[in-house]
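Chemist: Using the numbering used here, the letters of the sequence shown correspond one by one to residues -8 to 41. Where a beta carbon is used, it is the ideal one built from N, C-alpha and C, also for glycine.
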Amino acid sequence: QPRAESNIPGAVIVVVNATDVLYEQAFDYQSILPQVSMNVDKSIFAVASI
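(1) Check V(-3) in the structure and name its three-state DSSP category.
(2) If we ignore side chains and look at the alpha-carbon of each, how far apart do Q26 and N8 end up?
(3) Please state if the CB of Q21 and the CB of I4 are separated by a distance shorter than 8 Å.
(4) Residues in the same chain with beta-carbon distance under 6 Å from I23, minus the five sequence neighbours each way, listed in chain order, please.
(5) At the level of alpha carbons, what is the spacing between N(-2) and T10?
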């Protein structure tokens, strides 16, 4: 399901192995009002949302 249809303002994807970060990408926004862009290094998530 596309993210826009699921009512989620944004997401961060991180793929790791035992020693390295293989891929990291932030998409869209961490909040809509005010509009704050998602940031791989600075966005904070509640444990329940992971």
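Modeler: Here's the rundown:
(1) Here residue -3 refers to the residue found at position 6 of the sequence shown. The residue you asked about is not Val; residue -3 is Ser in the sequence shown. S(-3) falls in the helix class under three-state DSSP.
(2) Sequence index remark: in the sequence shown, residue 26 carries index 35 (1-based). Sequence index remark: in the sequence shown, residue 8 carries index 17 (1-based). Their backbone Cα atoms lie some 32 Å apart in a straight line.
(3) As a working note, residue 4 is residue 13 in the sequence shown. As a working note, residue 21 is residue 30 in the sequence shown. By the CB criterion at 8 Å, I4 and Q21 fall outside the cutoff.
(4) Residue 23 sits at position 32 when you count from the first residue of the sequence shown. Taken in chain order, the residues that qualify are P0.
(5) Looking up residue -2 in the sequence shown gives position 7. Looking up residue 10 in the sequence shown gives position 19. C-alpha separation (whole angstroms): 34 Å.
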